[in-house]
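S.K.:
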Amino acid sequence: MNFSKKGIIVIIFLALVGTIAKAQTNDFSNTLTLGIGTSLLNTGPGFHVGYNPTFLVHKYFAVEGELSYFNQNIRSTFMTGNTGNAHSVNVLTGGRLYFNSEDKNIRPYINFLIGSLYYRETIEIDQRINTTSEIGIHGLIGGYVSINQFVLGLSYDRRFNLILKAGYTF
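Okay, structure coming up:
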């Protein structure tokens, strides 16, 4: 089983665990997101899948977590023009700030999350394959709008990825 399949299985497992936890409190919600994105430095399409459990602390503030996977097909690196592939798995936590109360059907919010990242990049350089990996600190900021239980938004992360996300909250 390759790296991307393992990441997707972990996300699905955590979503199922979160569903069970939701039955115990009304302040807990789960959001599954899919997205497309690109790096602002490297060209090429990227795919995002994420799971965000959220606990409402106040009617305008929630504590949020994120477990996500991002895969990018690099068509051209920033300085050298080389091609390759990049994978990242993120485990983040932080805050979510809502701009209106929870009784509204349309609810815009921003989030700021920080945590850990596993990043693996495989680049082809002069007919050779160069693979690098790192574990480090990662962060992202995003702006979203929740319409009933659907979510649409845009996030920007430390690895210069801009990701358009769509999801469903249950």
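In short: position in the sequence shown from 1, add 921, done, that's our numbering.
No residue lacks a Cβ here, since even glycine has one placed at the ideal position from N, Cα and C.
1. State the Cα-Cα distance for the pair Gly1074 and Ser960, rounded to the nearest angstrom.
2. What are the start and end residues of the beta strand (DSSP E) that includes Gln993?
3. Of all the CB atoms in chain B, is at least one closer than 8 Å to the CB of Leu961?
4. Tell me which residues share the same chain as Gly1064 and place their Cβ nearer than 7 Å to its Cβ, disregarding the 5 neighbours each side in the sequence.
5. Using 8 Å as the cut-off, can you tell me whether the stretch 949-959 makes contact with the stretch 995-1015, which would need three or more C-beta pairs spanning the two stretches below that distance?
6. I'd like to confirm the pairing. Which residues does DSSP put opposite Gly1074 in its beta bridges?
7. Can you give me the C-alpha to C-alpha distance between Phe1071 and Tyr972, rounded to a whole angstrom?
8. The beta strand (DSSP E) that contains Pro974, what's its start and end?
9. Sorted by chain position, which residues of the same chain lie with C-beta nearer than 8 Å to Ser1067's C-beta, five sequence neighbours on each side aside?
10. Beta-carbon within less than 6 Å of Asn1051's beta-carbon, same chain only, minus the 5 sequence neighbours each way: which residues are those?
11. Please list the terminal residues of the continuous beta strand (DSSP E) segment that includes Asn951.
M.R.: Answer, in terms of the structure:
1. On the sequence shown, residue 1074 is found 153 positions in, with the first residue counted as 1. On the sequence shown, residue 960 is found 39 positions in, with the first residue counted as 1. The straight-line gap from Cα to Cα measures roughly 17 Å.
2. Counting from one through the sequence shown, the residue named residue 993 turns up at place 72. Where Gln993 is concerned, the enclosing beta strand (DSSP E) stretches over Phe982 to Ile995.
3. Of the protein chains in this structure there is only one, and it is not chain B.
4. In the sequence shown, counting from the first residue as 1, residue 1064 sits at position 143. Taken in chain order, the residues that qualify are Ile1031, Gly1074 and Leu1075.
5. no
6. Locating residue 1074 in the sequence shown gives position 153, where the first residue counts as 1. Tyr1065 and Lys1086.
7. Position 150 of the sequence shown, counted from the first residue, corresponds to residue 1071. Position 51 of the sequence shown, counted from the first residue, corresponds to residue 972. So the two alpha carbons sit approximately 14 Å from each other.
8. In the sequence shown, the residue the question calls residue 974 occupies position 53. From DSSP, the beta strand (DSSP E) with Pro974 extends over Gly967 to His979.
9. Along the sequence shown, one-based indexing puts residue 1067 at 146. Hits under 8 Å: Ile1027, Arg1028, Pro1029, Tyr1030 and Thr1090.
10. Here residue 1051 is taken as the residue at index 130 of the sequence shown, counted from 1. Excluding sequence neighbours, Asn1051 sits near Ile1044.
11. Taking the first residue of the sequence shown as position 1, residue 951 is located at position 30. Phe949 to Ser960 is the span of the beta strand (DSSP E), which, as asked, contains Asn951.
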